[in-house]
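For the sequence shown, the numbering used here gives the first residue as 18, with consecutive numbering after it. Every residue, glycine too, gets a C-beta built ideally from N, C-alpha and C. These numbers come from a predicted model, not from an experiment.
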Amino acid sequence: MSSAQQLLRSQRDILVNWTSDHPAPLLRWLHDEQALSSTSYLSLLERTPSNAVVQALETVCATEESSEKFLQVLRDVQDYYCRDLQVWVERHCRNDAIRKPVPAPVIDQAKLKSDVLLSNIFIIVPISAHKTTLLKRTEQLRCYSEGNKVASNLASHIEIRYTDLFVTEDNDIVDSSQHEYFDLARRRARIYVHQACQRIRPCHLFSPQGPSNRPPKRVKIKGIAGIGKSVAVQRLVYEWAIGKNMREFTCIFDLRFRELNLIEAPLSLLELLEERFRYLKEALPDLFTSPSSLLFILDGLDEFKFRLDWNSPDKNIDINTKVSVSELMVALIKGSLLPKASVIVTTRPTTEAPKGFFQRCCVVLGFEEDQVKEYTTKFYKDSRVAEKVYDYILNNDNLFVLSFIPLYCYIICTAIAEFFSSETQDVGDSKSLELNPPRTVSEVYFCYLLTAVKHHALKASADRSTSRSEVLSLANQQLTNLGKLAYENLLQRKIMFDAADLKNYGVTPADVQSTFLCHIIQPLKEEKVEMYSFFHLTVQEHLAALYCAVNLSSQDEVIQALDFWCFGRHPESSTAACLQNIDLNMDKLESLQMFTRFFMGMLRARLAGQLDGLVHSPLQQEDGLPARLGLWFQGQFKSEKLENLAALNLLHCLLEFHMKETTSIAAPEIKTLYLFKMKLSVADCTAMHYVLQFSPHNLQELNVGYSNIGNRGLSRLRPILHRCESL
18 MSSAQQLLRS QRDILVNWTS DHPAPLLRWL HDEQALSSTS YLSLLERTPS NAVVQALETV
78 CATEESSEKF LQVLRDVQDY YCRDLQVWVE RHCRNDAIRK PVPAPVIDQA KLKSDVLLSN
138 IFIIVPISAH KTTLLKRTEQ LRCYSEGNKV ASNLASHIEI RYTDLFVTED NDIVDSSQHE
198 YFDLARRRAR IYVHQACQRI RPCHLFSPQG PSNRPPKRVK IKGIAGIGKS VAVQRLVYEW
258 AIGKNMREFT CIFDLRFREL NLIEAPLSLL ELLEERFRYL KEALPDLFTS PSSLLFILDG
318 LDEFKFRLDW NSPDKNIDIN TKVSVSELMV ALIKGSLLPK ASVIVTTRPT TEAPKGFFQR
378 CCVVLGFEED QVKEYTTKFY KDSRVAEKVY DYILNNDNLF VLSFIPLYCY IICTAIAEFF
438 SSETQDVGDS KSLELNPPRT VSEVYFCYLL TAVKHHALKA SADRSTSRSE VLSLANQQLT
498 NLGKLAYENL LQRKIMFDAA DLKNYGVTPA DVQSTFLCHI IQPLKEEKVE MYSFFHLTVQ
558 EHLAALYCAV NLSSQDEVIQ ALDFWCFGRH PESSTAACLQ NIDLNMDKLE SLQMFTRFFM
618 GMLRARLAGQ LDGLVHSPLQ QEDGLPARLG LWFQGQFKSE KLENLAALNL LHCLLEFHMK
678 ETTSIAAPEI KTLYLFKMKL SVADCTAMHY VLQFSPHNLQ ELNVGYSNIG NRGLSRLRPI
738 LHRCESL
């Protein structure tokens with residue numbers, strides 16, 4: 018046989034034709050065999066498929082050694098491609114020269130069973146089709162700003178944009194009444210480098226553990242909205258489909274609870290899988306002969322609409338037994354159905370899934386500082402812009418604390434991109450919000466919203482010089498409808514909507530794909546499902562706050578609203594739409610804390626004229642509102658009944674409002690702050706410092722014992738510590 022180089026050069030066109038339909042497995046294996054450098058590999062993923070394969074061939078043909086690696090890789094990935102390529106591989110890749118020395122095997126019993134099963138010719142073909150299908154479904158990281166359309170930016174490939182997450186063992190008991198973001202922020206405050214918190218890579222979730230040294234069968238992964246659970250699972254499926262991880266499993270079945278919501282009639286597990294993975298129908302009976310080689314991934318338990326009865330007695334059911342879909346999921350998770358199969362369940366912390374049914378429970382804590390830097394570097398193509406944005410995040414405590422949640426990081430990067438772009442220098446009024454990077458969380462979200470609306474408006478009749486008020490007026494009705502949808506459902510803690518819900522508020526599903534709403538509303542269309550949600554809980558909270566800030570028309574209404582949202586005091590009578598016919602569970606007031614902070618930020622934006630174009634009527638006695646609010650905050654701090662968490666929330670509200678007049682009236686009334694064991698974040702310390710610096714008096718007592726504020730938090734409090742009589 019001619020040399021590997023000569024062979025590849027002579028057969029280049031035919032190899033390109035066979036592999037260019039789906040080059041991902043070929044490119045990844047070439048990279049892992051060091052035939053392609055990391056830089057070259059990532060660059061190829063941005064090219065069109067045929068160009069990527071052509072360039073890869075040109076690169077590997079540079080040397081005989083890399084050409085031999087290419088032929089070896091073809092043997093490894095041939096099942097992903099057509100039968101003609103497999104025949105070609107059998108004919109040309111038999112030479113021992115292209116085979117690497119094989120080390121002495123380490124016998125893995127689970128993988129051995131998997132390999133024996135895969136030796137069945139009736140399973141090989143369907144599994145190959147399954148892997149190819151999963152690859153095509155998981156290799157792109159969906160860009161939220163592009164709605165339901167095909168992503169136009171190839172840089173959204175999962176290998177380019179995915180950033181590792183901090184996953185560790187879950188040993189916490191969660192207070193589900195608390196806003197999940199604040200609970201997580203304070204949990205992270207307890208984690209120190211010197212505590213050597215074990216980091217778990219998703220591909221190692223089934224590593225043997227405990228005294229028995231056995232791999233767990235049932236694994237729960239919890240994390241708040243936007244923390245990256247689904248993306249981590251997507252990466253896991255991608256790695257298995259491409260043949261790089263979880264190879265002990267013959268087959269992975271990935272199911273989403275929002276898809277399962279559509280199943281009303283009883284059915285068996287076999288029927289469910291036959292419908293979901295039709296190309297596996299003939300192979301399923303053979304696959305179930307070795308259940309230990311199967312992995313079920315059940316994503317988004319918090320989105321499941323059916324009741325799960327965890328206390329029901331176990332039924333003797335098998336894969337052919339017809340039961341309700343909720344019974345089916347409980348049996349699969351508990352292990353009364355297919356106890357030898359492996360199961361991963363992802364869920365938010367507020368959803369009950371008893372730990373006793375799982376051998377391993379993990380929690381996703383988002384990014385660490387290095388991952389935030391990596392994410393921003395990947396987000397921007399201009400490395401100088403990426404560096405400026407990262408430095409700005411690092412030096413702003415409010416943004417820094419937000420950035421550890423991947424979806425917050427996305428919002429921040431989208432919102433502040435234009436502030437650091439050379440294209441926006443010296444444009445318009447230098448005092449405008451758009452050209453001064455946001456300092457508070459409210460400003461970040463408002464900038465994100467402006468970016469979404471502005472880009473929509475620019476596609477129509479506006480240009481770069483169009484004022485903010487004109488841009489907002491173009492979207493006035495849609496933002497009003499969207500805000501009302503967000504607010505009224507936030508009070509009921511409803512986050513999932515169907516098409517009828519949207520239409521009731523004047524939001525049409527067609528608009529979600531064709532206007533700026535594709536930045537805001539996420540279509541959850543999987544198979545036959547047509548559900549919608551705001552793509553993050555905080556986006557719903559921000560739009561709800563914007564709606565209320567625009568529609569309250571007097572000082573009295575603002576005060577009544579704060580009394581209601583912060584302390585559950587029902588307004589006696591009000592003409593304001595957002596204070597009429599309201600239904601709120603008083604036990605869940607803490608879940609409105611982020612919303613109230615956003616409201617104060619948007620109220621400030623209204624007073625500054627930044628909501629012009631949305632506001633229909635002036636706010637009565639607008640000039641006197643900062644002082645009136647100062648007196649309201651002062652009254653709350655005078656109250657002996659003010660709980661620690663509520664006091665901390667008021668400090669954040671003052672920070673978001675960011676008006677000296679208001680804070681100067683309220684701050685002198687703060688005599689003590691008892692935040693013992695509160696697990697404070699750096700942003701909490703920043704809020705404390707911001708407010709207390711306006712008080713001329715010493716603080717009688719500041720107790721932050723066992724709060725784990727760390728050096729960074731302590732440095733924020735340092736300027737006021739000398740004024741504490743008792744610390």
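query = Would the beta-carbon of Ser681 fall within 8 angstroms of that of Phe711?
reply = yes
ask   = Is the beta carbon of Leu222 sitting closer than 8 angstroms to the one on Ile433?
value = no
request  = List the DSSP bridge partners of Arg273.
outcome  = Asp316
key: Whether Pro751 touches Val104 by CB criterion (8 angstroms)   = Absent from the model: residue 751. The displayed extent of the chain is 18 to 744, so no value can be given.
task = Please state whether DSSP places Leu690 in a helix, a strand or coil.
result = strand
task = Tell me, please, which residues DSSP counts as bridged to Ser359.
result = Leu312
task = Please name the residue, chosen from Tyr723, Thr185, Leu620 and Ile144, that lies closest to Glu299 on a Cα-to-Cα basis.
result = Ile144
key: Boundaries of the beta strand (DSSP E) in which Thr394 is found, first to last residue   = Thr394: not part of any beta strand (DSSP E); member of the alpha helix (DSSP H) spanning Glu386 to Phe396, first to last residue.
task = Tell me where the beta strand (DSSP E) around Leu290 begins and ends.
result = First-last for Leu290: Leu286 to Arg293, but that is the alpha helix (DSSP H), not the beta strand (DSSP E).
task = Kindly provide the ranges of any alpha helix (DSSP H) runs that are 4 or more residues long and lie completely inside the region 492-576, ordered along the chain.
result = Counting only runs of 4 or more, we get 493-508, 516-521, 526-531 and 554-568.
Glu718: first and last residue of the uninterrupted beta strand (DSSP E) it sits in = Per DSSP, Glu718 belongs to the beta strand (DSSP E) from Glu718 to Asn720.
message = Taking 8 angstroms as the cut-off, does the region 266-277 touch the region 391-400 (at least 3 CB pairs, one atom from each stretch)?
response = no
key: Assigned secondary structure, Lys86 (DSSP; H/G/I helix, E/B strand, else coil)   = helix
ask   = Do Ala566 and Leu628 have their CB atoms nearer than 8 angstroms?
value = yes
request  = Could you give the DSSP three-state label for Ile238: helix, strand or coil?
outcome  = Looking at Ile238 - three-state DSSP - the assignment turns out to be strand.
request  = Starting from the N-terminal side, write out each stretch of the alpha helix (DSSP H) that is 4 residues or longer and does not extend beyond the region 664-713.
outcome  = 677-683 and 699-709
task = Look at the Cβ atom of Leu719, then the Cβ atom of Leu697, and state whether they are nearer than 8 angstroms.
result = The answer is no: Cβ separation not under 8 angstroms.
task = Could you tell me whether the region 546-562 touches the region 502-516, where touching means 3 or more Cβ pairs closer than 8 angstroms?
result = yes
ask   = Counting along the chain, where does the alpha helix (DSSP H) carrying Cys430 start and finish?
value = It spans Pro423 to Ile433 - the alpha helix (DSSP H) in which Cys430 sits, taken as one unbroken run.
ask   = Taking the Cβ atom as the reference point for each residue, do Gly630 and Tyr564 lie within a distance shorter than 8 angstroms?
value = no
inquiry  = Short of 6 angstroms in beta carbon distance, which residues of its chain neighbour Ala121, apart from the five on each side in sequence? Order them along the chain.
reply    = The predicted position of Ala121 is uncertain, since its pLDDT is 42 and thus under 50; no value can be drawn from it.
message = Please classify Glu558 as buried or exposed, where buried requires at least 16 neighbouring CB atoms within 10 angstroms.
response = buried
message = Just to confirm the assignment, what range does the beta strand (DSSP E) spanning Arg377 have?
response = Arg377 to Val381
message = Can you check which of these residues, Thr150, Glu186, Glu75 and Val33, is closest to Lys372 by C-alpha distance?
response = Glu186
request  = Quickly, what does DSSP pair Val254 with across the bridge? List them, please.
outcome  = DSSP, once it has assigned bridges, lists no residue as partnering Val254.
ask   = Below 8 angstroms, can you find three or more Cβ-Cβ pairs linking the region 648-657 to the region 482-493?
value = no
query = Cβ of Phe375 within 8 angstroms of Cβ of Ser420?
reply = no
request  = Please name the residue, chosen from Tyr409, Asp408 and Thr393, that lies closest to Ile422 on a Cα-to-Cα basis.
outcome  = Thr393
query = If we call anything under 8 angstroms between Cβ atoms a contact, is Ser743 one with Gly618?
reply = It is not a contact, given that the beta carbons lie outside the stated cut-off.
request  = For Glu344, count neighbouring Cβ atoms within 10 angstroms of its own Cβ and tell me buried if that reaches 16, exposed if not.
outcome  = buried
task = Starting from Gln23, follow its DSSP beta bridges and name the residues at the other end.
result = Gln23 is not bridged to any residue.
ask   = What runs of the beta strand (DSSP E), each 3 residues or longer, lie entirely inside the region 616-659?
value = none
request  = Look up Gln103 in the DSSP assignment and say whether it is helix, strand or coil.
outcome  = helix
request  = Please confirm whether Phe270 and Trp257 have their CB atoms less than 8 angstroms apart.
outcome  = no
query = Looking at Phe183 and Leu382, is the spacing between their C-beta atoms short of 8 angstroms?
reply = yes
ask   = Per DSSP, what kind of secondary structure is Asn728 in: helix, strand or coil?
value = In this structure, Asn728 counts as helix in the three-state DSSP scheme.
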